[in-house]
DNA sequence: ACTAAGAATGATATGCATTATCATTAGTAT
DNA sequence: ATACTAATGATAATGCATATCATTCTTAGT
């Protein structure tokens, strides 16, 4: 059980508040899913998380994991990342700062990177086109140190 | 019928050469598909192109359009762009320079943009991580002039 | 604590886009 | 012209995401 605490709030607190605000209920499955998602290495697919959860509670359903990963995204705790044509992957955003990805074409590894200068130039590029940016996705595909 | 000519070669020439090099055959469908793809507005889905082609030749099959759009990608004439969870879209790369996309969250419009400074910084960012970049994808989501 | 209301779950079905299969058609080299 | 075999087109299969629905569980009200 990993607890990142921001402004005296854990991810679980945020989730509970989100549920309350939406009139949704707390359930054992929701607690388990959030815990597992936090402890598992990031960039997991629904199936990855489902497998982890099944070991502790074989009765949990795939649909429930799916639904609640989406719910975590709505609550602002997670984010979906779509790479190529594969399955959707999810990463924790609570306690993480924004970053982009270098993706190895051979081993599939994700390297998280950040460049403030690029971020700023993107803002300017959007502005220059009368465009109001909300979010962006930068993925650089190539070969990592081990695979180049 | 639109003909862009580069180094004395049309897209059709490049395609024919690619086919020859791979021991593949020239067919009416392949010629039709390339012609339609060039003349249609870019960012079309397989279904978009299929609809256009059906009007001229109702016997053409969806699978054939699909297969040959992939073939055009292999030949370096087209490129697949995946946005969100929708269908795959394709854009012509022959005679077009590299660019990134601003994508309107409301009307779905694609604005093509390019910033050399960002391109260079991406190269440096990759290098700094011992990463050999091959291609990249930058998409900025937000609201266009009409929708903001 | 008990109960009613309805949200959540889990098994399964459905939807949808992509890709594979295969009998038939049609390029290509000889 | 012929033989070889790639390509086509109809359809089936696949893969992933999402919808459905009877049942279970949470929560508010008594």
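Protein chains in written order, with the working numbering: chain A, 596 to 743; chain B, 596 to 743.
Even glycine gets a Cβ: it sits at the ideal position worked out from N, Cα and C.
What is the DSSP secondary structure of residue 668(B), counted as helix, strand or coil?
Stepping through the second chain from its first residue, residue 668(B) is reached at position 73. DSSP places residue 668(B) in helix when its eight states are reduced to three.
Taking its Cβ as the centre, do 16 or more other Cβ atoms sit within 10 Å of residue 625(B), making it buried, or is it exposed?
Translated into positions along the second chain, residue 625(B) becomes position 30. So residue 625(B) ends up on the buried side.
Count the CB pairs spanning the region 653–665 of chain B and the region 695–714 of chain B that are closer than 8 angstroms, and state whether there are at least three.
no
Under 7 angstroms Cβ-Cβ, which residues of chain A neighbour residue 721(B)?
Taking the first residue of the second chain as position 1, residue 721(B) is located at position 126. Correct list: 697, 735 and 737.
Report the option in 730(B), 605(B) and 640(B) whose CA atom is closest to the CA atom of residue 657(B).
Working through the second chain from its first residue, we reach residue 657(B) at position 62. The candidate whose alpha carbon is nearest that of residue 657(B) is 640(B).
Under the rule that 16 or more other beta-carbon atoms within 10 Å means buried, what is residue 717(B), buried or exposed?
Taking the first residue of the second chain as 1, we reach residue 717(B) at position 122. By the neighbour-count rule (16 or more Cβ atoms within 10 Å), residue 717(B) is buried.
Taking residue 706(A) as part of the beta strand (DSSP E), name the residues at either end of that continuous run.
Residue 706(A) sits at position 111 when you count from the first residue of the first chain. Its beta strand (DSSP E) spans residues 705–708.
Taking the alpha-carbon positions, what's the residue 602(A) to residue 628(A) distance?
Indexing the first chain from 1 puts residue 602(A) at position 7. Indexing the first chain from 1 puts residue 628(A) at position 33. Cα to Cα, residue 602(A) sits roughly 23 angstroms from residue 628(A).
The beta strand (DSSP E) spanning residue 677(A) covers which residue range?
For this step, residue 677(A) is matched to residue 82 along the first chain. Premise fails: residue 677(A) is in no beta strand (DSSP E) and is neither H nor E.
For the region 705–720 of chain A, list every residue whose C-beta sits within 7 angstroms of some C-beta in chain B, in sequence order.
706, 708, 710, 712, 713, 716, 717 and 720
Between the alpha carbons of residue 736(A) and residue 646(A), how many angstroms are there, rounded?
Position 141 of the first chain, counted from the start, is the residue given in the question as residue 736(A). Position 51 of the first chain, counted from the start, is the residue given in the question as residue 646(A). Each residue's alpha carbon lies about 28 angstroms from the other.
Is residue 693(B) close to chain A? Criterion is C-beta to C-beta, closer than 8 angstroms.
Counted from its first residue, the second chain places residue 693(B) at position 98. Closer than 8 angstroms: no.
Residue span of the alpha helix (DSSP H) that contains residue 713(A), given as start and end:
In the first chain, the residue the question calls residue 713(A) occupies position 118. Element bounds for residue 713(A): 711–723.
Quick one: give me the first and last residue of the alpha helix (DSSP H) that residue 726(B) is part of.
For this step, residue 726(B) is matched to residue 131 along the second chain. That residue, residue 726(B), is in no alpha helix (DSSP H); it is neither H nor E in DSSP.
Considering only their Cβ atoms, is the gap separating residue 699(A) from residue 739(A) smaller than 8 angstroms?
One-based indexing of the first chain puts residue 739(A) at position 144. One-based indexing of the first chain puts residue 699(A) at position 104. Result yes, Cβ atoms of residue 739(A) and residue 699(A) sit closer than 8 angstroms.
What number of angstroms, rounded off, separates the C-alpha of residue 684(B) from the C-alpha of residue 696(B)?
Counting from 1 along the second chain, the entry for residue 684(B) is found at position 89. Counting from 1 along the second chain, the entry for residue 696(B) is found at position 101. Taking the straight line from one Cα to the other gives about 13 angstroms.
By alpha-carbon positions, which one of 733(B), 727(B), 743(B) and 734(B) ends up nearest to residue 742(A)?
Taking the first residue of the first chain as position 1, residue 742(A) is located at position 147. The shortest C-alpha separation from residue 742(A) is found at 727(B).
Using a C-beta cutoff of 8 angstroms, does residue 617(A) count as contacting chain B?
Here residue 617(A) refers to the residue found at position 22 when the first chain is read from its first residue. It does not: the Cβ of residue 617(A) has no partner Cβ on chain B nearer than 8 angstroms.
Can you name, in chain order, every residue of its own chain whose Cβ lies under 8 angstroms from the Cβ of residue 635(A), other than the five neighbours on each side?
To locate residue 635(A), count along the first chain from 1; it is residue 40. Hits under 8 angstroms: 643, 644 and 647.
For residue 693(A), count neighbouring C-beta atoms within 10 Å of its own C-beta (all shown protein chains included) and say buried if the count is 16 or more, exposed if not.
Here residue 693(A) is taken as the residue at index 98 of the first chain, counted from 1. So residue 693(A) counts as exposed.
Cβ atoms of residue 710(A) and residue 733(B): under 8 angstroms apart, would you say?
Mapped onto the second chain, residue 733(B) falls at position 138. Mapped onto the first chain, residue 710(A) falls at position 115. Their beta carbons are not under 8 angstroms apart, which means residue 733(B) does not touch residue 710(A) by this criterion.
With distances taken Cα to Cα, identify the nearest neighbour of residue 652(A) among 712(A), 623(A) and 708(A).
Taking the first chain and counting its residues from 1, one reaches residue 652(A) at position 57. The shortest Cα separation from residue 652(A) among 712(A), 623(A) and 708(A) belongs to 623(A).
Strand pairing of residue 639(B), partner residues [DSSP]
Translated into positions along the second chain, residue 639(B) becomes position 44. Per DSSP, 685(B).
Using a C-beta to C-beta distance shorter than 8 angstroms, which residues of chain A count as neighbours of residue 644(B)?
The sequence position of residue 644(B) within the second chain is 49, counting from 1. In chain order: nothing, as chain A lies at least about 18 angstroms away.
With 7 angstroms as the limit, tell me which residues of the region 617–641 of chain A have their beta carbon closer than that to any beta carbon of chain B; keep them in chain order.
none
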